[in-house]
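The opening residue of the sequence shown carries number 1 in this note's numbering; numbering runs sequentially from there.
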Amino acid sequence: MPVRALFSGFLAAVLAAAPAAAQIRAAAVAAEGAVVPIRPVVSVPTLAPTLSSPGLTAPTLAPVTPTASPSAPPSILQRAEAASPAPAAAAALAAPVGAVNAVAAPTPSPAESGKAAAPDAKPPLKLVETAGRAASEKPAADAGAEAASAWAAKAFDNSWVTRGEAAGRLPFDPVAAEGRLLSDPSKTDWSSTRRVSRHPVVLKRFSPIGQELTPRKAAQNELLSRLFVSHPVFADIFKDAFSMPAAVAYPVHTWNPLATPRAMVAMEEAPGKPYGSFHLHDERSYLPRRLFGPLFVLATALGLGDLNPGALLLDDQGRYSLIDTELARHESKPNKALITTADMPWLEDRYLNDAADFRPAMAAFEKAFAKLDAGGGLDALLAKAGLTASEVKRDAALIRGNVARFDAVLEADLYVANSLFMKKGGYDKLSEKQLRALSAFNRALLSKDGSAAEARARTMRALAEDALSVNKEMPLYHFPILASNLRRLTSSESARAHLRAVTEDGEALPAAREAAAAVLEMMTP
Numbered sequence: 001m002p003v004r005a006l007f008s009g010f011l012a013a014v015l016a017a018a019p020a021a022a023q024i025r026a027a028a029v030a031a032e033g034a035v036v037p038i039r040p041v042v043s044v045p046t047l048a049p050t051l052s053s054p055g056l057t058a059p060t061l062a063p064v065t066p067t068a069s070p071s072a073p074p075s076i077l078q079r080a081e082a083a084s085p086a087p088a089a090a091a092a093l094a095a096p097v098g099a100v101n102a103v104a105a106p107t108p109s110p111a112e113s114g115k116a117a118a119p120d121a122k123p124p125l126k127l128v129e130t131a132g133r134a135a136s137e138k139p140a141a142d143a144g145a146e147a148a149s150a151w152a153a154k155a156f157d158n159s160w161v162t163r164g165e166a167a168g169r170l171p172f173d174p175v176a177a178e179g180r181l182l183s184d185p186s187k188t189d190w191s192s193t194r195r196v197s198r199h200p201v202v203l204k205r206f207s208p209i210g211q212e213l214t215p216r217k218a219a220q221n222e223l224l225s226r227l228f229v230s231h232p233v234f235a236d237i238f239k240d241a242f243s244m245p246a247a248v249a250y251p252v253h254t255w256n257p258l259a260t261p262r263a264m265v266a267m268e269e270a271p272g273k274p275y276g277s278f279h280l281h282d283e284r285s286y287l288p289r290r291l292f293g294p295l296f297v298l299a300t301a302l303g304l305g306d307l308n309p310g311a312l313l314l315d316d317q318g319r320y321s322l323i324d325t326e327l328a329r330h331e332s333k334p335n336k337a338l339i340t341t342a343d344m345p346w347l348e349d350r351y352l353n354d355a356a357d358f359r360p361a362m363a364a365f366e367k368a369f370a371k372l373d374a375g376g377g378l379d380a381l382l383a384k385a386g387l388t389a390s391e392v393k394r395d396a397a398l399i400r401g402n403v404a405r406f407d408a409v410l411e412a413d414l415y416v417a418n419s420l421f422m423k424k425g426g427y428d429k430l431s432e433k434q435l436r437a438l439s440a441f442n443r444a445l446l447s448k449d450g451s452a453a454e455a456r457a458r459t460m461r462a463l464a465e466d467a468l469s470v471n472k473e474m475p476l477y478h479f480p481i482l483a484s485n486l487r488r489l490t491s492s493e494s495a496r497a498h499l500r501a502v503t504e505d506g507e508a509l510p511a512a513r514e515a516a517a518a519v520l521e522m523m524t525p
């Protein structure tokens, strides 16, 4: 026979000898939450009897609801209802084993409240109180969101701080925190980016890569670009283009003089995917033209480099976030010898770029920058990013020179991008007239700025499908980009008829009419 069953039988035989003992057993059943048959009791003289045995005192029991027969003892169901916990406690009882560290305990009588507890005994804790405290510690959704926003505003102010200050701001170890690796595993020798476990925070670690770019400078570059984008004087330039997640940067020091010096940047987690991760046939793989000017002025003014497609994130609401600006504070000079525009996302090699797309942002930035510099704001931003007094003086002069060279740098950038477009068309033996027509077509198709972007895309899709006689299931942005497809236009009379109809359609979008006219002109011998 199992030991537990033997002990239960023995205990039942002993407790059946006295009514008071039966009451103790009933209390134990209620506390344990089990249903065990109890021998009927003739009478219940009191609900809180005191046993004669020395050192043994009966607990005070909850009153039992009277029944129709006063002399009859309460039923098992009545005792279970009287002993059932409150809803919050019932929920706690349903939790897995180990989730609740306290059980319901009877309230001690005044006589025994002064007795010393056993050395190894823990003070009793009511289950209802445990569940209520757990519920109060969990904030409501709205309160939690507000608290998180307030915490982020205090922790991430785009400033350079000490490790101790970072430890006081962040809810985790600012150096030893681990999480999921987001960056390329092959580049962890220089920098690594991780999402901190259980926190919407991204940590970026920098290690030395050369004498020119130290970890400290790379981390401060991240701060400086954020200070420019978030500054009120530049708000009108960047607010409709992109944002940057707020951050805080700090050095990592050790007592070992031979240890590799490092620096870290903790930033808010930005939603979205890199725009370069979308398929080329997906319109999200092309930046809206409204980003070109703001990207150009920020990159040129601060001397940013390596702005590859992974540096810009696009979320489900169509908002862009710039997240990677560690390479900065270089002198921006015009260079017409470049062979690629891969790290210049403000340029397109699928049509001829126009300086008019950049002029408004350039003029606005030059005006705002002059206002900032005149009031000492430029030096203040550099100092907040952690630069020393001598570094502030040096880099302020560098940025002023970069802003002064806006026009020259833009001219060289447009030369490089437009030369690449003309060179690609030359591979297909297109004349200059044909290339300009293709540029007009692609420029209209890739235009995604303004409220008419979706309607324009639909019109251009219909134009291209009919003109090129392609499969209507083929996604947008596939066929007009390829210059070789123009060969099919020159031999299609139906394409000419459709293009002429588009140019004469008063309800068609102006961009569609212009593109159709350009292609018709190209097809003319």
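For glycine and all other residues, C-beta sits at the position ideal for the given N, C-alpha and C.
Where Pro294 is concerned, the enclosing alpha helix (DSSP H) starts and stops at 292-302. Between Glu326 and Ser191, the C-beta gap is smaller than 9 Å, which places the two residues in contact. If the five residues before and after Ala249 are omitted, its C-beta is found closer than 6 Å to the C-beta atoms of Trp160, Ala219, Leu223, Val265, all from its own chain and listed in chain order. In the assembly as shown, Pro171 is an exposed residue. Its beta-carbon has fewer than 16 other beta-carbons within 10 Å.
The DSSP-derived three-state label of Ala247 is strand.
Annotation: the segment 378-425 contains the following complete segments of the alpha helix (DSSP H) (minimum length 4 residues), in chain order: 389-404. Nearest to Ser332 by alpha-carbon distance, out of Leu304, Gly310, Asp349, is Leu304. In this structure, Tyr275 places its C-beta atom within 9 Å of the C-beta atom of Tyr320. The segment 178-265 is shown to contain whole beta strand (DSSP E) runs of 3 or more residues at 179-181, 191-196, 201-206, 247-252, in chain order. The three-state reading of DSSP puts Trp346 in coil, since its state is none of H, G, I, E or B. Straight across, the Cα-Cα distance linking Trp346 with Gly293 is about 7 Å. Cβ neighbours of Asp357 within its own chain (closer than 7 Å, five residues either side excluded): Arg289, Phe292, Gly293. By the 16-neighbour rule on beta-carbons within 10 angstroms, Gly375 is exposed. Burial is judged here by how many other beta carbons sit within 10 angstroms of a residue's own beta carbon; Asp413 has at least 16 and is buried. Under DSSP, Ser321 shares a beta bridge with Ser243, Leu313.
For Asn335, the CB contacts under 6 Å within the same chain, skipping 5 residues up- and downstream, are Ala412 in chain order. Shown here, Lys273 sits in a strand according to DSSP, grouped into three states.
Setting aside the 5 residues that flank it on each side, Arg284 is surrounded in the same chain by Tyr275, Phe278, Leu314, each with a C-beta closer than 8 Å to its C-beta; the list follows chain order.
CA-to-CA, the gap between Lys384 and Arg216 works out to about 14 Å. DSSP, reduced to helix, strand and coil, places Ser431 outside both helices and strands of the structure shown, so it counts as coil. Cβ-Cβ distances below 7 Å link Asp240 to Arg290 in the same chain, with the five nearest sequence neighbours on each side left out; the list follows chain order.
For the options Ala176, Ile323, Ser197, the alpha carbon positioned closest to that of Thr254 is the one of Ala176. With contacts defined by Cβ atoms closer than 9 Å, Phe296 and Leu410 form a contacting pair. The alpha carbon of Glu521 has as its nearest neighbour, out of Val229, Ser431, Asp505, the alpha carbon of Ser431. Counting along the chain, Gly164 sits inside the alpha helix (DSSP H) bounded by residues 163-169. Per DSSP, the unbroken alpha helix (DSSP H) holding Glu366 starts and ends at 359-374. The Cβ neighbour count for Thr340, taken over all protein chains shown within 10 Å, is under 16; the residue is labelled exposed.
In this structure, the straight-line span from the alpha carbon of Ser186 to that of Lys371 is close to 43 Å.
Each of Arg329, Asp373, Val502, Met267 was checked against the Cα of His231, and the nearest Cα belongs to Asp373.
Note on Ala368: 16 or more other CB atoms within 10 angstroms of its CB, so buried under the neighbour-count rule.
About 5 Å separates the CB atoms of Val202 and Met267; that is less than 8 Å, so the two are in contact. Listed in chain order, the non-local C-beta contacts of Pro271 below 6 Å within the same chain comprise Asp315, local neighbours out to five positions each way being set aside. Setting aside the 5 residues that flank it on each side, Phe228 is surrounded in the same chain by Phe234, Leu298, Ala301, Leu302, Leu381, each with a C-beta closer than 8 Å to its C-beta; the list follows chain order. Taking the CA atoms as reference points, Thr503 sits about 30 Å from Leu420.
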